[in-house]
Amino acid sequence: MSIYSARVSNENHGMANDAVQASLYDQGYVNAMSHFYRGELGRIMVWRQRLDTTTNWAVTSSTAIITIAFSNAGVPHLIFFFNLAIVWIMLWIEARRYRFYDAFRARVRMLEAHFLVPMVMENRHLLQGEWKKLVCEDLILPSFKIGKLEAVGRRLKRNYVFIFILIMIAWVMKIFLHATEPIDTVGAFYRALRVGHIPSGLVAIIFVGTLVSVIGIAVYVGRKTSGEISEFGSHRSLWRI
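Structure (structure tokens):
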């Protein structure tokens, strides 16, 4: 009985492999998968544009605040605190959008690696693995492929770290240029941090805390993750058309 079951199992497995390999030349299957690929590609392009929108908001708001801060000496340097708050909010929103983008991008990469590559190579033996099962499971129950912190770190490392650095530099320049007393010592700089009833220590904590958070998240995520695209391909010279 066990020999018969094993034979039936092997036959079924062989039939499944034949069906998978034959699907490469099935016109209906190829058309359906092509439309599916174009649909998923269009979806990730929509989410990619949404990422650009939040980045533009962060850049525009930072530019406006920096312009206002330096155009009038009476504007307190604490305005950059609100600039940091706005950029942090934009970063959090963009990280959430990036998780959706990454989830749908994973489907596209799965189709490119396991469907388009066998067609380009004209090799049906490359149609193997459980990629169809993974794609179907993700269609039935979509799931994120990265966590919230990793998404924040990726967007911070690629875009927002430069915005934060610009804000920090502008903040320090604002303090030096529009200080009520000459800043020639560390103590004078510390006193210049005070704004109204807000003590210098609180301003210093906000400044240093933001700087440490940005560097810490960028370094942590940079060590834990890596991009899918390499810096230079093994046949880079062949792509020079």
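For the sequence shown, my numbering assigns the number 8 to the initial residue and increments by one for each residue that follows. Ideal Cβ positions, reconstructed from N, Cα and C, are used throughout, including at glycine. The structure displayed is predicted, hence computed values, not measured ones.
Inset, instruction - Work out the CA separation of Gly203 and Ile174 for me, nearest whole Å. - result: Counting from one through the sequence shown, the residue named residue 174 turns up at place 167. Counting from one through the sequence shown, the residue named residue 203 turns up at place 196. Cα-Cα distance, rounded: 21 Å.
Legend entry - Residue range of the unbroken alpha helix (DSSP H) whose run includes Pro149: Taking the sequence shown and counting its residues from 1, the one referred to as residue 149 is at position 142. Run containing Pro149: none; DSSP gives neither H nor E here.
Inset, instruction - Might you give, ordered along the chain, the residues of its own chain that have their beta carbon closer than 8 Å to the beta carbon of Ile205, omitting 5 neighbours on each side? - result: For this step, residue 205 is matched to residue 198 along the sequence shown. Answer for Ile205: Leu85, listed in chain order.
Legend entry - Interface flag, Phe88 vs chain C, CB-CB below 8 Å: Of the chains in the structure shown, none is chain C; there is only one protein chain.
Legend entry - Identified DSSP bridge partners for Val202: Indexing the sequence shown from 1 puts residue 202 at position 195. In the DSSP output, where bridge partners are listed per residue, Val202 has Ile205.
Inset, instruction - Would you kindly report the start and end of the unbroken alpha helix (DSSP H) that includes Glu101? - result: If you number the sequence shown from 1, residue 101 lands on position 94. Residues Ile86 to Leu118.
Inset, instruction - State yes or no: is the C-beta of Lys140 within less than 8 Å of the C-beta of Ala110? - result: The residue you call residue 140 lines up with position 133 of the sequence shown. The residue you call residue 110 lines up with position 103 of the sequence shown. Contact flag unset, no.
Legend entry - Own chain, CB closer than 7 Å to Val82, minus 5 neighbours either side, in chain order: Within the sequence shown, residue 82 is the residue found at index 75, counting from 1. Contacts found: Ile75 and Ala76.
Inset, instruction - Could you tell me whether the Cβ atoms of Arg162 and Ala225 are closer together than 8 Å? - result: On the sequence shown, position 155 is the one that residue 162 refers to. On the sequence shown, position 218 is the one that residue 225 refers to. Result no, Cβ atoms of Arg162 and Ala225 do not sit closer than 8 Å.
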